[in-house]
Structure formats: structure tokens, C-alpha cells
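Engineer:
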Amino acid sequence: MNTPIYYLFILALPVACVAWTVTKEEIFREAREFCIGRSKNCDKLIKRKFFYVFTCEYCFSHYVTILLLIATKYTLVYPDWRGYIIAGFSIVWIANIYMSLYNLIRID
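Residue numbers (this note's numbering): 1258 to 1365.
1) Going by beta-carbon coordinates alone, are A1273 and Y1341 separated by less than 7 Å?
2) What are the uninterrupted segments assigned as beta strand (DSSP E) that are 3 or more residues long and contained completely in the stretch 1303-1339, given in chain order?
3) Expressed to the nearest angstrom, what Euclidean distance is found between the alpha-carbon atoms of K1297 and R1305?
4) Return yes when the Cβ of G1345 is within less than 7 Å of the Cβ of L1326, no when it is not.
5) Does DSSP put K1301 in a helix, a strand or coil?
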């Protein structure tokens, strides 16, 4: 392992930012409402689940993390595919802690 562990906390910041913005903020409200409607009214299960991803910050953070890992090639513990899996779940975990803290201190 030659990458510092503090990268984990740094890489979780953009994941939390993107996941929260897309799923909660006003700028994406119309798209989110469309996805909410489609996630409830689509006839096929796979379509409902696809649209649901864009309404749940926890679910969406997994996909943002996958894109981030592809872009950065960040691994934890192991330098192979196992390191990507460990890094992926670790980044999601830290990002969701950040989003939970933000939700607690947020003033509307």
C-alpha cells in the first residue's frame, strides 16, 4: 500500500458533494421529481430501481464512487481488484458520514 490513508477522507468529499447535490438540492428538483415518478410508476422492476438510484443519496454515492475509483485508480490494502472493493466501500462509508453530518447541521 503506497497511497496515504488520508486520501480516503479527501476522496469521500466529492462523492458526498455530488451525491447530496443530485439527490437533495433544488437545482436538480425537476429531474429528481421525474425520477421519483418513474421509480413508482414504471412497469418493470429494473426501470423502477434505475430511477430510484437518483433519489437516494446512499445508493447514488455507490455509483459516484465507482466513477471516482475508475478516474483515480485509488486502492486500499491491496493493489489489485480487492483494493478497489475495499476502497469503494470505505469511500461510500465516509461519504455517507459526511452527508449525515451535513444533514444534522444544515439550516433551511
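Cβ atoms here follow ideal geometry from the backbone N, Cα and C, with glycine treated the same way.
Structural biologist: Let me spell this out:
1) no
2) none
3) 6 Å
4) yes
5) coil
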